[in-house]
Every structure is written in structure tokens, then in C-alpha cells.
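Chains as they are written, first to last, in my numbering: chain A, 181 to 511; chain B, 181 to 511.
Single-structure report; data block below.
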């Protein structure tokens, strides 16, 4: 076995050695049983636990030419933290299943661990990686399970919106989608293959958009704020506002009427771009929506259309469906 | 879009259509919030939750020529249920992240869902799939998170074994490993590629061994039994008795002395074959080990070796390490 002295591949190391290098990047666990046993034992103080899983797969979900290990770890945590927030809960723990080719460099894996930790520190202080699993795969895959606490609150479901409620959003809409367009337009070679990002060639706005795509920063802390403010329904916008609003409307048996004037300067991206992981919520008309949220529409009685934009049914492409949209040949 | 009329691929269907076909195979959820929202909300009656994740990846962990969708779903559930049992807990919920090529047939996916359900019904009644995630990948991957309840018990960790304790095992040892050898020796073509299993060509013992490999049946219900009987340490045997016993010994700061006469007729397979997911536990010398467990050795004070077999240090290969052992070229 010949090791690359400075930065071995995971195929050159034992599972235990890789795990040790990952765990030294993760903060000390406060759990009853943290990483290292068959399972973690975690507090669930109000007798309930909120749980969700989301997976990032090399190809459809990220490209290694564009995403660093840190970016990938940060995004894998962020998208899952947003799901917990969308129930009105506070994230408490992550479990991370990491499947990687044995050609993966150890430095990539340790950066990924640092990205996971940073996302927890920035977006959900008190949440930590409490367990996980390492395995070999031809396709780099990060499946993160996030757990959270409602602290006695009722969960905010998708199905509680009522006619007369206000529709509101926290976080950005469309920025990650614009960032993805910058990546495809500016950082691919003649054959369409991704090439590394040169941030110096980007305007400040473009840089923000690309960062929103590679390292999204959803408003996780505002999930419990929305719940405490009486949100009647909530979800995170992962597949585009139009598609996700139609899901919330359908689950609630209502129509969501959106005002395009509330959606910023790039209405098309705001309506169809999903990966910012903004929070979409409905609130009773009074009192005002809580700080951090802004009004984007109103809940109407059910009608022929789940969603209206400026009073009319939307036209064209509505959002991202991985089974319809991903094509390995064209990316 | 041309659909294969009888059995479409997942690439021909929307995510919602695939999900609907999966969910109709899974039993009704008793959770406060089950599948279909951003996250599930699950009971954690004693204020704690046990959580673990484990991943099966096409190639290192299963071959599609050998494993049906049902087998894969069953095994993905079983290996995770065993991790919960190994803490002394009862599994309560699974979250399933399924990443698959868009050429995957819908019939394979629905069979996988049925395998998940059957494993829960057989091994952990009351446990159900409460959430998940579908995504596209070039490599079929099933990452399962299992959650469980301790019902007020202290968790049984790996680190509690004490000199004077008895070492005991519940479940089979080595059978899945023998099954894997049958598969490699009898169901590969001249180039070493797997070919479908013809069960009629197998003896009854071989058929049992192959089934133990493809559809393991760990003694999940005996985890809480062991805890209630005062188990001082426990883990599931996933990488071979020698390797896992040495982990338990190291975590506990003791030596585990195994008696080969207690390991059945195929001692080599019992010592190094892991995928049966038996439970390895230590108990105080009195009273007797609980029903379902049998004595395989004794706990000694720490010594130069973590594990002894018949009083001597073991020789040769000790178990499975995916990063050392998997080679995509040779399988």
C-alpha cells in the first residue's frame, strides 16, 4: 500500500482512521451517547422528535469542480436544517451517511466535516453531528438526517392554511437559481463539463448568487419564530416557489395568490428557483407577520388553480423535479 | 416521453408518482406527522431518542443480479434495526433516503418498499417508515435512519464490559458470510460478474446461508431483553465477531476471551463473518444469560490482546473494512 504522503485517499486508509479525522473536526457532543457506538442517544425533552432526511448526490445535486468539500458539507447540513425549521422546530442533531469513491482525498472529507460543523454553528447553534456512517461508492453521496425539537409547540404542517391568511416568505428566493445559471454559463468547458469557479471574474451580485447555490443560508432560526407567531402552515422552498406553494395550497385545500411585486427584481427566478431554502408560511391576517418574514400574497378559497400570480394562473415551467429534469448526458 | 407500459422506469415518472406508489406499500403511520410533510414528528415517550444510520451501496454492499428489490429493502431495514436493538432499544421509525438511476424499474422500487415493510413487521412490529427522500444517482444507494425508544432503560453501550462478565451472542454467526461465498463461487460468470441465483441448484443449508446474506434476520427483539437482563455492554456484529469483539473490548478496557467450541461447526466463518448482525453482549456472571443468548466466552482483565480465542491471540484476517477490502475491479 503506497500512501500519498501529504493527502492520502480514503482508499489508502482504514475506516477507523478516516472516522478519527472526521470526528476531530466535529465539536464535542452533549448527547447521552454521541458518535462511536451502534447508535446515538439524544434528548427529546418534550417527548417528541422531528426527523427528516435529504440526500445530495454527485451529478444531479452538486459538481466537484464547483463545490469544495466545505461547500458540500455546509449545503448538506443547511438543506436539512431548513426542513426541521419548516415544522417550527429547532434542529438538535444530524446523522451523516457519507458514501464516497476510494479515490476521494482525505482533505476533501475533513473539509466536508468542517462544512457540516460551520453550518450548524451559523444556522442552528446547539445542533451537532451525533452519528453517521461511512461507506464506499462509485458516486459521492451525502445523506443527512436532521432531528429537531418542538419544545412543546404543535408542529406547523403544510395543511393548515386558511382563506384570509397572509402568505409570507423568510429568506431569499431565486438567488441560488441565478447562481446555478452563472455556473453553467461561465464555468463549463466547450463540452459542457464544469470547470473550477474563478470568483475574481464575477461581479459582487454574481458572487452572492453563486455562494447561495453552493452554500445556501436558509433562515433556520425563523422556523420556531413563525410557529410562535401563529403560522398556520409552513414549508421550505426547495423546488421553487410556484411548485412548493402549489403543494402547500393542495395540502391545505386553498388557493395561494402571490403578488409578483413582492418578489424582487427577478420575478422569474423567485417563482421557479428553489435551492435557497427560504421558508414559505401562512399567518392569520392580524397581527402582522413576524420580523424576518415579508408578505408575498394571500390565501384564497379553493379554486381551479392551486396558485395564482397577480390573479392569473402561472404559465411555463414551475419548478424542479429531479426525475423529469436531470439528464446525465447534458447535466 | 415514451413509457414502458407495464413497468415504467423511474425516469419516466414524476417524483410524486413514484412516491405515491411507494407510500401505498407502506403501512399507515401512527406518528403525529408521518410521511408527506417537510419532516416527521414522532413520539419519544421517555424524553430520549435512539438514532442510527447505515447505508447500502450497489457494488460493495449488494449486487442487483443477486438481490431483488424486496431483498434490498429488507436488508436495509434489518441492518439498521439491529443497531437500535444493540443499544437495548426498540425500533420505532425508519427514514429512507433512496438514490437511484432513472433506469430503475418501478417494480423494483415497489418491491423495495415491500421489503422495508416486511422487515419491520417481522423484526420490529410497531416500527414503520415515517419519512424519506428520493433522488437520482448513477449508483443505487439506500441510506436508512432508524430511530428507537429505550422506555426508560439506560442505553447499553460498548464500554461497560467488566472482568468476570460472561460474553454471549444472540442470532447466527457466519451464515451470511458463507452465503456470500456461495454467491461468488456459484453465481458469477467467467469474468467474475454476478449472475442470478438459481435456488434449485442449492442444498437446503446453502439456501439458508444465501438467504442470510441477502435478507438477514437479526434478533432485534432480544436487544431490550438483554438490557432488561442487565447486559453490561452490547453491539451488533456487522464486521465479524473478532473485529467487533475487539472493538467492544477496547471500548470497555478489557480482554474478551472466546471459546471456539461455542461457535458452531464453522468456526472460521463465525469469527470473521459479520453480516448476520447477531447481537454480542456481556452479562454479569449470575444470573444466567437471558433466553435467546448463548455463552461464547468470558471477560478478562485488560491484556496485550483485545480478544483471545481458546486462550490465544487470533491469527489471520479479522473482519471486513470497506475501505481496505472493496475493489471495484474485482468485486
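Positions of the beta carbon are idealized from the N, C-alpha and C atoms, including for glycine.
Buried versus exposed call for residue i [16 or more other C-beta atoms within 10 Å across all chains shown]
i: residue 146(A); result: Residue 146(A) falls outside the range modelled here, since chain A spans only 181 to 511, and no answer is possible.
i: residue 232(B); result: buried
i: residue 435(B); result: buried
i: residue 238(B); result: buried
i: residue 181(B); result: In this prediction, residue 181(B) scores a pLDDT of 44, lower than 50, which makes its location untrustworthy; the coordinate-derived value is nonetheless stated afterwards. So residue 181(B) counts as exposed.
i: residue 383(A); result: exposed
i: residue 343(B); result: exposed
i: residue 358(B); result: buried
i: residue 400(B); result: buried
i: residue 198(A); result: buried
i: residue 466(A); result: exposed
i: residue 380(B); result: exposed
i: residue 508(B); result: Unreliable positioning characterises residue 508(B) in this predicted model, as indicated by a pLDDT of 43, which lies under 50. A coordinate reading is not provided.
i: residue 492(B); result: exposed
i: residue 405(B); result: buried
i: residue 511(B); result: Confidence is the limiting factor: at residue 511(B) the pLDDT is only 38, short of 50, which leaves the residue's position unreliable and the question unanswerable from this model.
i: residue 484(A); result: exposed
i: residue 210(B); result: exposed
i: residue 506(A); result: A caution first: residue 506(A) carries a pLDDT of 45, below 50, which makes its placement in the model unreliable, though a value can still be read off. When all chains shown are included, residue 506(A) counts as buried.
i: residue 365(A); result: exposed
i: residue 304(B); result: buried
i: residue 253(A); result: buried
i: residue 308(B); result: buried
i: residue 456(A); result: buried
i: residue 257(A); result: buried
i: residue 293(A); result: buried
i: residue 207(A); result: exposed
For residue i, the nearest candidate out of the options (CA to CA)
i: residue 452(B); options: 215(B), 481(B), 494(B); result: 494(B)
i: residue 224(B); options: 268(B), 260(B), 272(B); result: 272(B)
i: residue 419(A); options: 408(A), 384(A), 458(A); result: 458(A)
i: residue 263(B); options: 326(B), 475(B), 309(B); result: 326(B)
i: residue 391(B); options: 234(B), 473(B), 220(B), 250(B); result: 250(B)
i: residue 311(A); options: 430(A), 218(A), 290(A), 473(A); result: 218(A)
i: residue 201(B); options: 189(B), 212(B), 349(B); result: 189(B)
i: residue 213(A); options: 340(B), 367(B), 353(B), 280(B); result: 340(B)
i: residue 268(A); options: 413(A), 241(A), 216(A); result: 413(A)
i: residue 216(B); options: 240(B), 313(B), 247(B); result: 313(B)
i: residue 167(B); options: 432(B), 254(B), 446(B); result: Because residue 167(B) is not part of the residues shown, which for chain B are 181 to 511, the question remains open.
i: residue 477(A); options: 229(A), 441(A), 307(A), 423(A); result: 441(A)
i: residue 261(A); options: 484(A), 416(A), 483(A); result: 416(A)
i: residue 320(A); options: 425(B), 192(B), 235(B), 438(B); result: 235(B)
i: residue 300(A); options: 482(A), 280(A), 490(A), 328(A); result: 328(A)
i: residue 281(B); options: 240(A), 187(A), 423(A); result: 240(A)
i: residue 490(B); options: 482(B), 438(B), 346(B); result: 438(B)
i: residue 265(A); options: 222(A), 351(A), 363(A); result: 351(A)
i: residue 283(B); options: 193(B), 479(B), 347(B), 252(B); result: 193(B)
i: residue 298(A); options: 464(A), 443(A), 274(A), 367(A); result: 274(A)
i: residue 315(A); options: 279(A), 378(A), 228(A), 443(A); result: 279(A)
i: residue 398(B); options: 481(B), 302(B), 421(B); result: 302(B)
i: residue 123(A); options: 482(A), 430(A), 402(A); result: Since the displayed chain A opens at 181 and closes at 511, residue 123(A) lies outside it and no answer follows.
Supposed close pair residue i, residue j - CB separation, criterion 8 angstroms
i: residue 178(B); j: residue 427(B); result: Outside the shown range of chain B (181 to 511) lies residue 178(B), about which nothing can therefore be said.
i: residue 318(B); j: residue 355(B); result: With 8 angstroms as the limit, residue 318(B) and residue 355(B) do not qualify as a contact, their Cβ atoms being about 32 angstroms apart.
i: residue 450(B); j: residue 353(B); result: 4 angstroms
i: residue 127(B); j: residue 245(B); result: This structure does not reach residue 127(B), given that chain B is present from 181 up to 511, and the question cannot be answered.
i: residue 349(A); j: residue 460(A); result: 6 angstroms
i: residue 462(B); j: residue 411(B); result: 7 angstroms
i: residue 277(A); j: residue 323(B); result: 4 angstroms
i: residue 346(B); j: residue 259(B); result: Going by Cβ atoms, the distance from residue 346(B) to residue 259(B) rounds to 26 angstroms, so no, they are not a contact pair.
i: residue 187(A); j: residue 285(A); result: 5 angstroms
Neighbour list for residue i in chain C, Cβ cutoff strictly below 7 angstroms
i: residue 325(A); result: Absence of chain C from the displayed structure is noted, the protein chains being A and B.
query = If you scan the stretch 301–383 of chain B from start to end, which runs of the beta strand (DSSP E) of 3 or more residues do you find wholly inside it?
reply = 308–316, 321–329, 346–350
request  = Using a Cβ-Cβ cut-off of less than 7 angstroms, list which residues of the stretch 202–229 of chain A approach chain B; keep chain order.
outcome  = 212, 213, 217, 218, 219, 220, 221, 222, 223, 224, 225, 227, 228, 229
request  = Quick one: which residues of the stretch 409–439 of chain B get their C-beta closer than 7 angstroms to a C-beta of chain A? List them in chain order.
outcome  = 415, 416
key: Complete alpha helix (DSSP H) runs within the stretch 247–304 of chain A (minimum length 4 residues, chain order)   = You should have 249–265, 286–303.
message = At a CB distance below 7 angstroms, what residues from the stretch 334–351 of chain A approach chain B? Give them in sequence order.
response = 335, 337, 338
message = If the cut-off is 8 angstroms on Cβ atoms, which residues from the stretch 309–323 of chain A count as contacting chain B, listed in chain order?
response = 310, 311, 312, 313, 314, 315, 316, 317, 318, 319, 321, 323
inquiry  = Please list, in chain order, the residues of the stretch 231–254 of chain B that have any C-beta partner in chain A closer than 9 angstroms.
reply    = Shown in chain order are the members of the stretch 231–254 of chain B whose Cβ falls below 9 angstroms from a Cβ of chain A: 231, 232, 233, 234, 235, 236, 237, 238, 239, 240, 241.
query = For the stretch 271–284 of chain B, which residues have a CB atom closer than 8 angstroms to at least one CB atom of chain A, in sequence order?
reply = Residues of the stretch 271–284 of chain B with a C-beta less than 8 angstroms from any C-beta of chain A: 273, 275, 276, 277, 279, 282, listed in chain order.
ask   = Listed from N- to C-terminal order along the chain, which residues in the stretch 460–472 of chain B have their beta-carbon within a distance smaller than 7 angstroms of any beta-carbon of chain A?
value = none
task = Please list the segments of the alpha helix (DSSP H) lying wholly inside the stretch 433–471 of chain B, counting only runs of 4 or more residues, in order along the chain.
result = 447–452
request  = Could you list the residues in the stretch 256–268 of chain A with a C-beta less than 7 angstroms from some C-beta on chain B, going in chain order?
outcome  = Answer set for the stretch 256–268 of chain A: 263, 264, 266, 267.
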